[in-house]
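Notes to accompany the following structure.
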Amino acid sequence: MEIKDIKNKIVALATIGSDGKPHNIAVELNSFENNKVVITNNEMKTTVENIKSNPYVSLVYWKGDDGVRIDGKVEYFDSGKWLDFVKGLPENKGFAANGALVIEVNKITKLG
Numbered sequence: 159m160e161i162k163d164i165k166n167k168i169v170a171l172a173t174i175g176s177d178g179k180p181h182n183i184a185v186e187l188n189s190f191e192n193n194k195v196v197i198t199n200n201e202m203k204t205t206v207e208n209i210k211s212n213p214y215v216s217l218v219y220w221k222g223d224d225g226v227r228i229d230g231k232v233e234y235f236d237s238g239k240w241l242d243f244v245k246g247l248p249e250n251k252g253f254a255a256n257g258a259l260v261i262e263v264n265k266i267t268k269l270g
């Protein structure tokens with residue numbers, strides 16, 4: 159499985175809060191280009207709080223016997239070109255695009 163295979167798929171996004179506790183949510187991976195993963199913040203509250211105190215995240219996608227884990231450092235944008243990008247995505251039509259999580263990929267691990 160390649161990372162391009164999980165575009166527009168639901169992935170698990172894991173963050174760590176300032177209290178050291180993990181937090182995991184399901185999100186759609188909107189884009190992967192130039193070693194960056196883009197995810198829309200439609201209604202994330204805890205996740206956004208967590209990445210402000212610890213910008214390191216992990217994504218996991220699994221299908222059948224194959225999976226992939228993506229580790230990276232995230233930046234959060236609530237204005238500018240990245241917010242405009244996610245607001246313009248067809249999959250966000252009818253949903254609030256409150257921000258964009260842009261993850262600089264540090265490591266990709268094939269699972270399975």
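As numbered in the working numbering, residues 159 to 270 make up the sequence shown, in order.
Even glycine gets a Cβ: it sits at the ideal position worked out from N, Cα and C.
To the nearest angstrom, report how far apart residue i and residue j are at their CA atoms.
i: residue 167; j: residue 250; result: 14 Å
i: residue 224; j: residue 204; result: 29 Å
i: residue 187; j: residue 260; result: 10 Å
i: residue 246; j: residue 262; result: 21 Å
i: residue 265; j: residue 228; result: 6 Å
i: residue 175; j: residue 230; result: 16 Å
I need the boundaries of the alpha helix (DSSP H) containing residue i, first residue and last residue.
i: residue 211; result: 204-211
i: residue 243; result: 239-245
Grab the span of the beta strand (DSSP E) containing residue i for me, first residue to last.
i: residue 224; result: 224-235
What residue from the options has the CA that sits closest to residue i's CA?
i: residue 194; options: 181, 237, 162 and 248; result: 162
i: residue 241; options: 230, 254 and 231; result: 254
Does the Cβ-Cβ distance between residue i and residue j come in under 8 Å?
i: residue 206; j: residue 197; result: no
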